[in-house]
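In this note's numbering, the protein residues as written are 109 to 193.
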């Protein structure tokens, strides 16, 4: 539901709370999937011998770096005016 305040359309509180929860739920699941995909690809590279590194460290770095990158993009897209102002 949109409200008109000072000539600008804004979301009503009930909708914005629901949109906020669904947005962050989607972005967290996207971040998890992206991190998991990165970890799996590096696991496969390590198991075939393309990369030689400690498996736990490799998977942790791959997962966390991808997860954090997606969260960073989500923060920038959620309220772009506040991000760049």
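Ideal Cβ placement from N, Cα and C applies to all residues, glycine included.
In the three-state reduction of the DSSP assignment, residue 161 falls in the coil class.
Straight-line measurement puts the Cα of residue 159 at about 36 Å from the Cα of residue 131. With respect to residue 172, residue 147 sits apart: the two C-beta atoms are not nearer than 7 Å. Here the alpha carbon of residue 128 sits roughly 43 Å from the alpha carbon of residue 157. Proximity to residue 165 across 183, 151 and 135 peaks at 151, based on C-alpha coordinates.
In the three-state scheme derived from DSSP, where H, G and I count as helix and E and B as strand, residue 156 is classed as coil. Residue 153 and residue 161 have their C-alpha atoms roughly 10 Å apart.
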